[in-house]
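Structure (structure tokens):
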């Protein structure tokens, strides 16, 4: 896919903000290791950039979703342990193991495939066992763990380094959600205790995602897998208390910037953009910004009343978001060609966050960040 480098629209990735977030999260985690989740192109921040910044900030390990993501990081020179967060097809295991990726085992068939691939390749390869304690997406049922572990340990080619589970409602605020998550921690603990009774003690037991690490201290265990919080956003507003108690707060790592490329006066009653959805209430200057839904600006934000920042002021969209461009109503204000526009981030005293986009669009912050397109160049800033 083509990446844009000759277009006045770009994403700035702040190394300093990511380092500050990692430091703040480390205060909360205490002795638990920090695994930086950099799947989905580093949550839209650019996987190699995010991974290198996370490593510089002291991340103990990294996590991705698919083999290609792990290989991309290895080719970028990343040497930290990289965990695959899902069981991958048997055909991709040779490439995963050859790249030194830590594979996930989530089924009996997966255990057999990992053993076969590891023995064919030679050497000893790290694996983590994923236990399904309630997400019901992937993972070994607690009652099947003994059989799967036996299959893995029967081979000298597999190092069962870790055991983990995944939370579906760690960010939930209801008593039911909190008890469900606590029950998952207990279920994982029971599995680990049973393994220890057999003389098997994986070195890394982990359960916490960002929400778990912040809202469920008992889930921090040996390692926490931190995604969204590392990039500067809380999974749920009420989860900021542990950070505040440590005298820290998260800072968004990504800023989306562009420049005005066209400007025109448009008469009252005219209806800019596709669909001619909304008439201008008065004569106004409408400027064009080279960023559209193909770049990750959700089309539904127009109807939801989204705004951009120019000169430290908020301005509304003047028409439906198009594939490559936005139209912005700046009223009677003077806005020059080439003037900077902030789509996500701060300008002056005003800030627009990915969580604001998510609230307007009726979605979640994760989807907004991950939706930023590949043709938006990522630039590392201090």
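Residue numbers (the numbering used here): 23 to 404. Quick reminder that beta carbons are idealized off the backbone N, C-alpha and C, glycines included.
Shown here, residue 186 sits in a strand according to DSSP, grouped into three states. Segment contact: the segment 264-274 against the segment 309-319, fewer than three CB-CB distances shorter than 8 angstroms; contact not assigned.
When C-beta atoms of the segment 165-180 are compared with those of the segment 193-209, fewer than three pairs fall below 8 angstroms, so the two segments do not count as touching. Counting only residues of its own chain and dropping the five nearest sequence neighbours on each side, residue 167 has a CB closer than 6 angstroms to the CB of 213. For residue 350, no alpha helix (DSSP H) encloses it; the enclosing beta strand (DSSP E) starts and ends at 348-351.
In this chain, residue 50 is not harboured by any beta strand (DSSP E); it is covered by the alpha helix (DSSP H) spanning 37-51. Residue 369 has 372 as its beta-bridge partners, per DSSP.
Closest in C-alpha terms to residue 276, from the list 63, 48 and 51, comes 63.
Secondary structure note for residue 59: its beta strand (DSSP E) is the uninterrupted segment 55-59. For residue 248, there is no enclosing alpha helix (DSSP H); the enclosing beta strand (DSSP E) has its first and last residue at 245-248.
Here residue 31 carries a strand assignment [DSSP, helix/strand/coil].
In the structure shown, residue 285 adopts extended strand secondary structure according to DSSP, grouped into three states. Distances from the alpha-carbon of residue 344 to those of 298, 363 and 224 put 298 closest. Residues 336, 337, 338, 339 and 374 of the same chain have their beta carbon placed closer than 8 angstroms to that of residue 329, with the five preceding and five following residues left out of the count. Taken atom to atom, the span from the alpha-carbon of residue 55 to that of residue 211 is near 18 angstroms. Residue 359 has its alpha-carbon roughly 21 angstroms from the corresponding atom of residue 319.
Judged by their CB atoms, residue 223 and residue 51 are not nearer to each other than the 9 angstroms cut-off. Nearest to residue 383 by alpha-carbon distance, out of 354, 324, 401 and 348, is 324. Going by DSSP, residue 338 is part of the beta strand (DSSP E) stretching over 335-338.
Taking all protein chains in view, the Cβ of residue 259 is surrounded by fewer than 16 other Cβ atoms within 10 Å, so the residue is classified as exposed. Look at residue 124 here: in three-state DSSP terms it is strand. Contact between the segment 82-96 and the segment 284-293 is absent: fewer than three C-beta pairs spanning the two stretches fall below 8 angstroms. Counted as a single uninterrupted DSSP element, the alpha helix (DSSP H) harbouring residue 218 occupies residues 197-219. Straight through space, the alpha carbons of residue 348 and residue 333 are spaced by roughly 17 angstroms.
Annotation: the continuous beta strand (DSSP E) that includes residue 329 extends over 329-332. Closest in alpha carbon position to residue 37, among 65, 142, 74 and 131, is 74. At the C-beta level, residue 76 and residue 58 come within 9 angstroms of one another.
The beta-bridge partner set that DSSP reports for residue 104 consists of 84.
Counting C-beta atoms within 10 angstroms of its own C-beta, residue 155 has 16 or more neighbours from the protein chains shown and is therefore classed as buried. Beta-bridge partners of residue 362 (DSSP): 281. Take the alpha-carbon of residue 130 and the one of residue 221: they are about 21 angstroms apart.
Judged by DSSP in its simplified three-state form, residue 290 adopts coil rather than helix or strand. The beta carbon of residue 41 lies closer than 6 angstroms to those of 79 in the same chain, with the five residues before and after it left out. Secondary structure at residue 299: coil, using DSSP grouped into helix, strand and coil.
Nearest in C-alpha terms to residue 114, of all of 392, 351, 253 and 143, is 143. Cβ neighbours of residue 367 within its own chain (closer than 6 angstroms, five residues either side excluded): 277.
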